[in-house]
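Trainee: The sequence shown begins at 1 in full-length UniProt numbering and counts up one residue at a time. Before we start, here is the structure in question, set down as structure tokens.
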Amino acid sequence: PKWKLTGTDKKFNALLKVREGIHPVSGKPIKWNKEPIPWALVEAQNPVDIGSGYYLLPPIRPPPSGRRQPTNLIELPDGEATIVKAIKGIG
């Protein structure tokens with residue numbers, strides 16, 4: 001071939017892990033959702049483009065302290081960023 005990728009680019013390495021089904025930050029297997037996420041929801045999270053339509057979202061912040069009402073939210077593990085496949089133009 002006329003060119004060769006060395007794998008030194010962080011975005012490229014992150015995308016390789018995603019393609020292998022591995023979370024690029026935590027190293028855990030990715031549980032895929034078949035439904036695409038509306039772009040407006042992804043864009044509101046300040047995503048990091050890692051290529052091929054995949055975006056790395058920041059870790060989910062904890063709920064505000066002092067909440068007195070019960071909630072139906074499920075607590076996620078700390079420190080893991082979310083990866084989504086977004087299609088621009090939906091939402």
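Using N, Cα and C, we set each Cβ at its ideal position, and we do this for glycine too. For clarity, every value in this text was computed on a predicted model and none was experimentally measured.
Based on Cα-Cα distance, which residue from 51, 54, 42 lies nearest to residue 60?
Mentor: Out of 51, 54, 42, 42 has the C-alpha closest to the C-alpha of residue 60.
Trainee: Which residue's Cα is closest to the Cα of residue 12: 58, 65, 37, 52?
Mentor: The option with the nearest alpha carbon to residue 12 is 52.
Trainee: Residue range of the beta strand (DSSP E) that residue 25 falls in?
Mentor: No beta strand (DSSP E) contains residue 25, which DSSP labels as neither H nor E.
Trainee: Return the chain-ordered list of same chain residues with a C-beta closer than 6 Å to the C-beta of residue 17, the five sequence neighbours on each side being excluded.
Mentor: Excluding positions up to five away in sequence, the list reads 24.
Trainee: How many angstroms separate the CA atom of residue 50 from the CA atom of residue 15?
Mentor: So the alpha carbons of these two residues sit roughly 6 Å apart.
Trainee: Can the beta-carbon of residue 85 be found less than 8 Å from the beta-carbon of residue 54?
Mentor: It is a contact, given that the beta carbons lie within the stated cut-off.
Trainee: Which first and last residues belong to the alpha helix (DSSP H) in which residue 32 is found?
Mentor: No alpha helix (DSSP H) contains residue 32, which DSSP labels as neither H nor E.
Trainee: What does the Cβ neighbour count give for residue 119, buried or exposed, with the cut at 16 atoms within 10 Å?
Mentor: Because the chain spans 1 through 91 in this model, residue 119 falls outside it and cannot be assessed.
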